[in-house]
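Here numbering that gives the first Met the number 0 is used: the first residue of the sequence shown is 0, the next is one more, and so on.
Here's the structure we're looking at; comments come further down.
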Amino acid sequence: MKKIPYPRRVHITPVGFEIDRVVLPLKELEADRVWILTERDPKKDKGKLYFDKVIEEINNLERKCEVRVKHCDFNKRDLYDVLRAFREIIEVEKSNQIFVNVSTGTKIHSIAGMMACMIFKDIAFKLTPYYSEPESYASLPEDLFPMSFGCKEIHTLSNYPMDRPTDYLIDVLSVVNELCGQKNEKITKTELKKELTSRGLLDLSKKKVKHENVARFLALQRRCIDPLYREWKFIDLVPPERRGKIQMTQEGMDMLKFLG
C-alpha cells in the first residue's frame, strides 16, 4: 500500500515592521513551510529591512522551514488584492494544515487573513487563523527596531464559515464584466444569453426542447440574473425591470478582484 504523507504545517504571514511575531510562531508550531506576503514593488517596500531580517532568522531556525514569497500591493491598501494573494496560496496548499498569522502586517492584512479563513474554509484540509501576542511593545520604532518583542502566547481564533458565490456564478460574472467593458458599461440580456451559450455556460437539459430560445432566456433568468442581481447584488438592471439592461456594481467588480 502506498504511504500517504502527513499534511505539512504551512503558515501564511505578512511582513511589516515585526520580526519575532513572524518567526517565533514558526518555531513554536513547528512549521514546515511559510509563505511570506510582501510588497510587490521593492522601491515602495518600507519594510524591506525587516523582510530581510525575517528571512535570515527563519533560515537560522534549528528545524528547517521552507520559505516562499508572495507579492501583493501593500501601499495601495487594496483589501481585494491581498485577499486574492491569500486565496491563491490556500488553493496551492489546500491539502495541508494552513495557519494564518493575523497579527503581522497592516490592519488590511489582518482583516484579509481572517476573511480568507472564513471564505475558503471549505476548500482547505484545515485552515486556522492565529494571533501572536508579544512579550512587549516598542515605544519608538527605528530601522530594524521592531514594533514588538517576543511571543508571549499564540492564540488560535474561531473560524466561522462565510458564504461565497459558486464558481459558475463567478464565470458568468466574468463574462458580464468583459461584455460591459466592450459595450460601454451596459449590455442586454440577449447579448449575455448569446455569449454564455457560445461559451457553453448556458446549456439546456438533454431532453428535446420545443422553444429553445425561450428556454435559454428562462435559464438565463433563473441561473444567472436572479442570483447575481437579487441575492449577491453583483449586477444592476437599468431600469430595474425584466427588460432592463445589465451593468456591473462595485460589489461585483470587487468580487472579481480576488475570485475572478
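Even glycine gets a Cβ: it sits at the ideal position worked out from N, Cα and C.
Bear in mind that the values here come from a model prediction, so they are computed numbers and not experimental data.
Residues sharing a beta bridge with Y129, DSSP: Start at 1 with the first residue of the sequence shown, and residue 129 comes out as number 130. Paired residue(s): N100, T155.
Stretch pair the region 45-52 + the region 78-90: three plus CB contacts closer than 8 Å: The region 45-52 is not in contact with the region 78-90.
Own chain, CB closer than 7 Å to K63, minus 5 neighbours either side, in chain order: Within the sequence shown, residue 63 is the residue found at index 64, counting from 1. Counting only Cβ-Cβ distances below 7 Å, and skipping sequence neighbours, we find nothing.
Close beta carbons around T105, own chain, < 8 Å, minus the five adjacent residues each side: Indexing the sequence shown from 1 puts residue 105 at position 106. P13, G15, F73, R76, listed in sequence order.
Residue of M113, P6, E194, Q220 minimising C-alpha distance to L156: The count along the sequence shown starts at 1 and reaches residue 156 at position 157. It is M113 whose Cα lies nearest to the Cα of L156.
Selection from W231, G251, P226, F216 that minimises the alpha carbon distance to R242: Position 243 of the sequence shown, counting from 1, holds the residue named residue 242. Its Cα nearest to that of R242, the residue F216 stands out among W231, G251, P226, F216.
Rounded straight-line distance, which links the Cα of L219 to that of L201: Mapped onto the sequence shown, residue 201 falls at position 202. Mapped onto the sequence shown, residue 219 falls at position 220. Each residue's alpha carbon lies about 7 Å from the other.
Status (buried if at least 16 other CB within 10 Å, exposed otherwise) for E61: Position 62 of the sequence shown, counted from the first residue, corresponds to residue 61. When all chains shown are included, E61 counts as exposed.
DSSP bridge partner residues for F148 (one or two, in chain order): The residue you call residue 148 lines up with position 149 of the sequence shown. For F148, which the question treats as bridged, DSSP gives the partners S135.
Burial state of G46 (16 or more Cβ within 10 Å): For the purposes of this step, residue 46 is taken as residue 47 along the sequence shown, with counting starting at 1. Answer is buried; the Cβ neighbour count reaches 16.
Nearest neighbour of Y136, chosen from R20, K182, E194 [CA to CA]: As a working note, residue 136 is residue 137 in the sequence shown. The shortest C-alpha to C-alpha distance from Y136 to any of R20, K182, E194 is the one to R20.
Cα-Cα separation, P145 to E56: Counting from one through the sequence shown, the residue named residue 145 turns up at place 146. Counting from one through the sequence shown, the residue named residue 56 turns up at place 57. Their Cα atoms are separated by approximately 14 Å.
Contact belief for P160 with K125 at Cβ below 8 Å, rounded distance in angstroms: Looking up residue 160 in the sequence shown gives position 161. Looking up residue 125 in the sequence shown gives position 126. Not quite, the Cβ-Cβ distance comes to about 13 Å (not below 8 Å), so this is no contact.
Nearest-angstrom beta carbon gap, G259 and S197 [assumed within contact, 8 Å]: If you number the sequence shown from 1, residue 197 lands on position 198. If you number the sequence shown from 1, residue 259 lands on position 260. At roughly 19 Å, the Cβ-Cβ gap does not stay under 8 Å, so S197 and G259 are not in contact.
Outcome for V99 when other beta-carbon atoms lying within 10 angstroms are tallied against a minimum of 16: In the sequence shown, counting from the first residue as 1, residue 99 sits at position 100. V99 should be labelled buried.
Cross-strand partners of M117 (DSSP beta bridge): Walking along the sequence shown from the start, residue 117 turns up at place 118. In the DSSP output, where bridge partners are listed per residue, M117 has none listed.
Nearest-angstrom Cα separation, counted from K256 out to D162: Position 163 of the sequence shown, counted from the first residue, corresponds to residue 162. Position 257 of the sequence shown, counted from the first residue, corresponds to residue 256. Those two C-alpha atoms are separated by around 17 Å.
Buried versus exposed call for E92 [16 or more other C-beta atoms within 10 Å across all chains shown]: The count along the sequence shown starts at 1 and reaches residue 92 at position 93. Using a 10 angstroms sphere on the CB of E92, the tally of other CB atoms reaches 16 or more, which defines it as buried.
Bridge partners - E38, DSSP secondary structure assignment: By one-based count along the sequence shown, residue 38 stands at place 39. For E38, which the question treats as bridged, DSSP gives the partners C71.
Rounded separation between R7 and K26 - CA only: By one-based count along the sequence shown, residue 7 stands at place 8. By one-based count along the sequence shown, residue 26 stands at place 27. The straight-line gap from Cα to Cα measures roughly 14 Å.
Under 7 Å between C-beta atoms of I97 and A123: Against the sequence shown, residue 97 aligns to sequence position 98. Against the sequence shown, residue 123 aligns to sequence position 124. In contact: I97 and A123 (Cβ atoms closer than 7 Å).
Through-space distance from L23 to C150, alpha-carbon basis: Taking the first residue of the sequence shown as 1, we reach residue 150 at position 151. Taking the first residue of the sequence shown as 1, we reach residue 23 at position 24. C-alpha separation (whole angstroms): 6 Å.
Span of the beta strand (DSSP E) around R8: Counted from its first residue, the sequence shown places residue 8 at position 9. From DSSP, the beta strand (DSSP E) with R8 extends over 8-13.
Which of helix, strand or coil DSSP assigns to K93: Here residue 93 refers to the residue found at position 94 of the sequence shown. Looking at K93 - three-state DSSP - the assignment turns out to be coil, as it is neither helix nor strand.
Beta-carbon proximity of F233 to E250, cut-off 7 Å: As a first step, residue 233 is located in the sequence shown; it is residue number 234 there, counting from the start. As a first step, residue 250 is located in the sequence shown; it is residue number 251 there, counting from the start. Going by C-beta atoms, F233 is nearer than 7 Å to E250.
Distance between beta carbons of C71 and L36, contact taken as under 8 Å: The residue you call residue 36 lines up with position 37 of the sequence shown. The residue you call residue 71 lines up with position 72 of the sequence shown. That belief holds up - the Cβ atoms of L36 and C71 are roughly 6 Å apart, short of 8 Å.
Entirely enclosed alpha helix (DSSP H) segments - the region 167-203, minimum 4 residues: Within the region 167-203, the complete alpha helix (DSSP H) runs of at least 4 residues are 188-197.
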